[in-house]
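K.L.:
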Amino acid sequence: MSVLTALHERNSHSKLMEPGPDASQLQAIVQAGLRAPDHGRLRPWHFLAIQGDRREALGELFTKALKLSRPGATEAELTKARAAPLRAPVIVAGLLKPVDHPKVPRVEQVAAVACALHGMSLAAEAQGFGTMWRTGWYAQDAIVIDGLGGSPGDEVIGFLYLGARKGDSKPLAAPEFEGSFSLY
């Protein structure tokens, strides 16, 4: 698959199943992400692969965060939170660990982590896996961030779900070029 093909055909896939990437495939996926543009080579990120029974632990973390943020959460909402990480065999959490720098503002560091996750998504697709980038309020929750090894000021830029595609991808219309691009 060429880079242009991967970029032109990229599509999220919400239904993922076993198998997920093995250790060497996951390493190749992360290595691709680490080539992301990164002003100042600050490496303002930490990536955490969550798989196996650690997905259940992440579900419990989501549930704990939900209970604390919304004490009136229904049992259905708690069940959904608990099950969310089970939607794929592997999840890569991309944490922003911002670096105080006079020339590289936080917004550029957020972009670096986002670019890294996008690169990982393309690398996974190139190896035949489906991907889905998810965030939700959990990505901003202090309990979740702490549970993933983050510190105050860190945030989850995305949870990249990885696995074999279950069913066909949703067809995507070609993006509108007109109105999205102009010459200056």
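Just so you know, we're using my numbering here: the sequence shown kicks off at 11 and counts up by one. Where a beta carbon is used, it is the ideal one built from N, C-alpha and C, also for glycine.
#1: My parser needs the beta strand (DSSP E) runs of 3 or more residues fully inside the region 135 to 188; what are they?
#2: When the Cα of Pro95 is compared with those of Ala124, Ala103 and Arg65, which residue comes out closest?
#3: Might you give, ordered along the chain, the residues of its own chain that have their beta carbon closer than 6 Å to the beta carbon of Ile60, omitting 5 neighbours on each side?
#4: Do you know whose CA, among Tyr194, Ser79, Ala174 and Lys176, lies nearest Trp147's CA?
#5: Going straight from the alpha carbon of Ala16 to that of Leu132, what length do you get?
#6: What would DSSP say about Ala46, mapped onto helix, strand or coil?
#7: If we cut at 7 Å on Cβ distances, does Phe139 have a partner in chain C?
#8: Looking at Phe169 and Ala124, is the spacing between their C-beta atoms short of 7 Å?
#9: Indicate whether Gly129 and Ala46 have their beta-carbon atoms separated by less than 7 Å.
#10: Three or more C-beta pairs closer than 8 Å, one from the region 39 to 59 and one from the region 105 to 124: is that the case here?
#11: Could you tell me the distance, in whole angstroms, from the CA atom of Glu2 to the CA atom of Thr73?
#12: Taking 7 Å as the cut-off, decide whether the C-beta atoms of Gln37 and Gln137 are in contact.
#13: So the candidates are Ser190, Lys25 and Glu19; which of them puts its Cα closest to the Cα of Ala98?
#14: Helix, strand or coil for Gly129? Go by DSSP, reduced to three states.
#15: Looking at the secondary structure, which residues open and close the alpha helix (DSSP H) in which His18 lies?
#16: If I measure Cβ to Cβ from Leu182 and keep anything under 7 Å in the same chain, skipping five residues before and after, which residues do I get?
#17: Relative to the C-alpha of Ala134, which residue among Ala152, Ala83 and Arg175 is closest?
P.N.:
Reading off the structure:
#1: Listed in chain order, they are 140 to 144 and 165 to 175.
#2: Walking along the sequence shown from the start, residue 95 turns up at place 85. With distances taken between CA atoms, Pro95 lies nearest to Arg65 out of Ala124, Ala103 and Arg65.
#3: As a first step, residue 60 is located in the sequence shown; it is residue number 50 there, counting from the start. Around Ile60, the same chain offers Leu68 and Ile101 as residues with beta carbons nearer than 6 Å, after the five sequence neighbours per side are excluded.
#4: Position 137 of the sequence shown, counted from the first residue, corresponds to residue 147. When each option's Cα is compared against that of Trp147, the closest is Ser79.
#5: If you number the sequence shown from 1, residue 16 lands on position 6. If you number the sequence shown from 1, residue 132 lands on position 122. Going from the Cα of Ala16 to the Cα of Leu132 covers about 6 Å.
#6: Position 36 of the sequence shown, counting from 1, holds the residue named residue 46. Coil.
#7: Protein chain content of the structure displayed is limited to a single chain, and chain C is not contained in it.
#8: On the sequence shown, residue 124 is found 114 positions in, with the first residue counted as 1. On the sequence shown, residue 169 is found 159 positions in, with the first residue counted as 1. No, the pair does not count as a contact, with Cβ atoms beyond the cut-off.
#9: Residue 129 sits at position 119 when you count from the first residue of the sequence shown. Residue 46 sits at position 36 when you count from the first residue of the sequence shown. Against a cut-off of 7 Å, the Cβ pair of Ala46 and Gly129 comes out as a contact.
#10: Flag = yes, the region 39 to 59 and the region 105 to 124 touch.
#11: Because the chain is modelled from 11 through 194, residue 2 falls outside the range shown and cannot be assessed.
#12: Here residue 37 refers to the residue found at position 27 when the sequence shown is read from its first residue. Here residue 137 refers to the residue found at position 127 when the sequence shown is read from its first residue. No, the Cβ-Cβ distance between Gln37 and Gln137 is not below 7 Å.
#13: Within the sequence shown, numbered from 1, the residue matching residue 98 stands at position 88. For the set Ser190, Lys25 and Glu19, the Cα lying nearest the Cα of Ala98 is the one of Lys25.
#14: Locating residue 129 in the sequence shown gives position 119, counting from the first residue. The answer is helix: DSSP assigns Gly129 an H, G or I state.
#15: To locate residue 18, count along the sequence shown from 1; it is residue 8. Here the alpha helix (DSSP H) through His18 covers Val13 to Glu19.
#16: As a working mapping, residue 182 is identified with position 172 in the sequence shown. For Leu182, where only same-chain residues beyond five positions count, the Cβ hits under 7 Å are Asn21.
#17: Within the sequence shown, the letter at position 124 stands for residue 134. Sorting Ala152, Ala83 and Arg175 by C-alpha distance to the C-alpha of Ala134 places Arg175 at the top.
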